[in-house]
Amino acid sequence: MSKITIKELACMAGVSPTAVSFVLNGRPGVSESTRKKVLDIISEVGYTANISSRCLALKKSFNIALLYSESSSPFDDLFYFEVARGALECCNARGYNIVLNKIRYENGRAVLPEVITRRNADGVMVFQDVSGEVFRQIESYGAPAVVVDSYADPGRYAGIGISVPSIVGTALDYLIAGRHRKIGLITTDFIPDLKRQVTEAFPAKLTASGLEYHPEWVMTDARDEDSAAVCAAKILEAPDRPDAIFCTGDIYAIGALRALEKRGVSVPDDISVIGADNIIACRYVRPSLTTVDYDKALLGSMACEMLIRRISGEEVESVRMNTLGICERESAKKPCAKDKCKTFDCTAAFYTDSTKRLCGTD
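Its first residue numbered 1, the sequence shown is counted upward by one per residue in the numbering used here.
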């Protein structure tokens, strides 16, 4: 079969060549029905664009670099794997390729991959907050950037992340609805902005709820499952123990479960444990982990859309998403529906792995 041209595609679809071009390049300006009609015909006839000609004509690479560090690798971190999936689906739909690469550091300075230094990326998504200096270094090569899973102040750079007050509020509201009154915390100091916001939001929420804040139950140096287990052990050494522990990451909560089991503490009978992220591993630990849930794929796709807008020259503002609600499993005592609705707005969602229900409907 001879090569099909854009004009021929337009004729088959009954639209203009410009409309076909907009669809091929993932640009707005055509209706969804037109976009679907063109894509269906492209699939039917097996049309493939001449990528080299397209790149030369538009002076674009149609590559988006996705940069990660050791702590945010989508190969090792289940949270970032799901975020990357959302970004990949969005990029594919908009006609972009994702190029995965790593930020290395030598003598304290970021060493960027060649896809950026050779200007072979139209834009850059960075997993996890970086310094303003590294962000400016990335953009000095002419590619706009967006930070995914950002906790930085909105004015520092373009970024998208989950609202920390939403995370803390969702977790503590659930524990309080379950009649917990003595709540501890395990978080990390690896991301300074996250630590600052959590350690501000946590005592503020307790105070607003009429509960006492116990600094001896607060650990801020978790980095992974092992260090989180150490944090949980330190909390247990306090003269008085909490009846619940909130961990700002599921990996930390899994470490806490391990430490509690080792010391003969029954979860959730003696101490409830709740995590945040809802990674797939939560289903398989014992007891299975109750956790604050976010739409991680949406986080990735929204970052992609934000970046494409920046590539097009638009100004964008940083975004903070709210949580989806609580995924209920076995590691925390479940409040009854009446107590849930006393504590939560009744539109708040509560999930299990097999059902999805709203507050007050179970």
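Quick reminder that beta carbons are idealized off the backbone N, C-alpha and C, glycines included.
Just so it is clear, the structure is predicted and the values come from calculations on it, not from any experiment.
What number of angstroms, rounded off, separates the C-alpha of Glu315 from the C-alpha of Ser331?
In this model, Glu315 and Ser331 are separated by some 44 angstroms (Cα to Cα).
Would you kindly report the start and end of the unbroken beta strand (DSSP E) that includes Tyr105?
Its beta strand (DSSP E) spans residues 104 to 106.
What separation, rounded to the nearest whole angstrom, lies between the Cα atoms of Cys55 and Tyr157?
In this predicted model, Cys55 has a pLDDT of only 47, less than 50, meaning its place in the structure is not dependable; the value taken from the coordinates is given anyway. Whole-angstrom Cα-Cα distance: 28 angstroms.
DSSP three-state call for Asp129: helix, strand or coil?
It is coil, neither helix nor strand.
Close-in-space but distant-in-sequence residues of the same chain around Glu261 (CB under 8 angstroms, 5 per side omitted)
Residues of the same chain with a CB within less than 8 angstroms of the CB of Glu261, apart from the 5 flanking positions on each side, are Val267 in chain order.
Distance check for Asp122 and Pro144, CA to CA, integer angstroms please.
When rounded, the distance between both Cα atoms is 7 angstroms.
For a test of the three-state rule: what should DSSP assign to Asn63, helix, strand or coil?
Here Asn63 sits in strand by DSSP.
Of the residues Leu194, Val273, Thr248, Ile186, the one placed nearest Val230, counting alpha carbons only
In terms of CA proximity to Val230, Ile186 leads the group Leu194, Val273, Thr248, Ile186.
Based on DSSP bridge pairs, tell me the residues matched to Ile186.
Note: Ile186 sits in a beta bridge opposite Met219, Cys247.
Apart from the five residues on each side of it in sequence, which residues of its chain come closer than 6 angstroms, Cβ to Cβ, to Val99?
Closer than 6 angstroms at Cβ, skipping near neighbours: Asn63, Ala65, Val115.
With a cut-off of 8 angstroms on the beta carbons, I'd call Arg35 and Val23 a contact; round off their distance for me.
Contact annotation, Arg35 with Val23: C-beta distance approximately 5 angstroms; criterion of less than 8 angstroms satisfied.
Cβ pair Leu419, Val148 closer than 8 angstroms
Limits of the chain in this structure are 1 at one end and 362 at the other, which puts residue 419 out of reach.
Expressed to the nearest angstrom, what Euclidean distance is found between the alpha-carbon atoms of Thr5 and Val38?
A direct Cα-Cα distance of roughly 13 angstroms separates Thr5 from Val38.
CA nearest to the CA of His214, picked from Leu236, Arg196, Ala228
For His214, the nearest C-alpha among the options comes from Leu236.
Whole-angstrom C-beta distance between Leu67 and Val124, which should lie under 8 angstroms
6 angstroms between Cβ atoms; contact.
Grab me the residues of Ala228's own chain with a C-beta within less than 6 angstroms of its C-beta, minus the 5 sequence neighbours each way, in chain order.
Non-local beta-carbon contacts of Ala228 in its own chain, meaning distances under 6 angstroms to residues more than five positions away in sequence, involve Ile186, Ala222, Tyr252, Gly255, Ala256 in chain order.
Helix, strand or coil at Leu9 according to DSSP, with G and I counted as helix
Assigned with DSSP and collapsed to three states, Leu9 falls in helix.
When you compare the stretch 162 to 170 with the stretch 283 to 299, are there three or more beta-carbon pairs, one atom per stretch, that lie closer than 8 angstroms?
Contact annotation: the stretch 162 to 170 touches the stretch 283 to 299, with at least three C-beta pairs closer than 8 angstroms.
For the stretch 267 to 278 and the stretch 299 to 309, state whether three or more C-beta atom pairs, one from each stretch, are separated by less than 8 angstroms.
Remark: fewer than three beta-carbon pairs, one from each stretch, lie closer than 8 angstroms, so the stretch 267 to 278 and the stretch 299 to 309 are not flagged as touching.
Taking the continuous alpha helix (DSSP H) assigned at Gly86, which residues delimit it?
Residues 78 to 93.
Looking only at its chain, what residues have a beta carbon closer than 7 angstroms to the beta carbon of Ser52, apart from the 5 residues adjacent to it on each side?
Confidence at Ser52 is low in this model, with a pLDDT of 48, below 50, so its placement is unreliable and the value that follows should be read with caution. Contacts found: none.
Ignoring anything shorter than 3 residues, give me the beta strand (DSSP E) runs that lie fully in the stretch 269 to 337, in order along the chain.
Runs of the beta strand (DSSP E) inside the stretch 269 to 337: 272 to 277, 290 to 293, 319 to 321, 325 to 327.
Please work out which residues of its chain come closer than 6 angstroms, Cβ to Cβ, to Val146, disregarding the five sequence neighbours upstream and downstream, and give them in chain order.
The beta carbon of Val146 is closer than 6 angstroms to those of Met125, Ala158, Ala303, Met306, Leu307 in its chain, skipping five residues each way along the sequence.
Where does Gly325 land, buried or exposed, given buried means 16+ other C-beta within 10 angstroms?
Per the 10 Å Cβ criterion, buried.
Go to Ile176, then tell me how far its alpha helix (DSSP H) extends in each direction, as first and last residue.
First-last of the alpha helix (DSSP H) with Ile176: 164 to 177.
Is it buried or exposed for Thr188, if we count other Cβ within 10 angstroms and need 16 for buried?
Here Thr188 is buried. Its C-beta has 16 or more other C-beta atoms within 10 Å.
In the DSSP assignment, the beta strand (DSSP E) including Arg109 goes from what residue to what residue?
Following the DSSP letters along the chain, one finds Arg109 inside the beta strand (DSSP E) bounded by residues 109 to 111.
Return yes when the Cβ of Arg181 is within less than 8 angstroms of the Cβ of Asp243, no when it is not.
In contact: Asp243 and Arg181 (Cβ atoms closer than 8 angstroms).
Cβ-heavy atom distance, Arg179 to the ligand ZN, below 7 angstroms:
Ligands in the displayed structure: none, and consequently the ligand ZN is not present.
In three-state terms, what does DSSP make of Asn211?
The question names Asn, but residue 211 is Leu in the sequence shown. If DSSP states are grouped into helix, strand and coil, Leu211 belongs with coil.
Under the three-state reduction of DSSP, which class applies to Ile4: helix, strand or coil?
Ile4 falls in the coil class under three-state DSSP.
Whole-Å CB distance - Leu172 paired with Leu206, under 8 angstroms assumed:
Right, the Cβ-Cβ distance comes to about 7 angstroms (below 8 angstroms), so this counts as a contact.
What do you get for Thr18, buried or exposed, if any count of 16 or more other CB atoms within 10 angstroms of its CB means buried?
Under this definition Thr18 is an exposed residue.
Which residue comes first and which comes last in the beta strand (DSSP E) that contains Val45?
Taken as a continuous stretch (DSSP letters only), Val45 belongs to no beta strand (DSSP E), being part of the alpha helix (DSSP H) at 32 to 45.
Per DSSP, which one or two residues make a beta bridge with Ile98?
In the DSSP assignment, Ile98 forms a beta bridge with Ile64.
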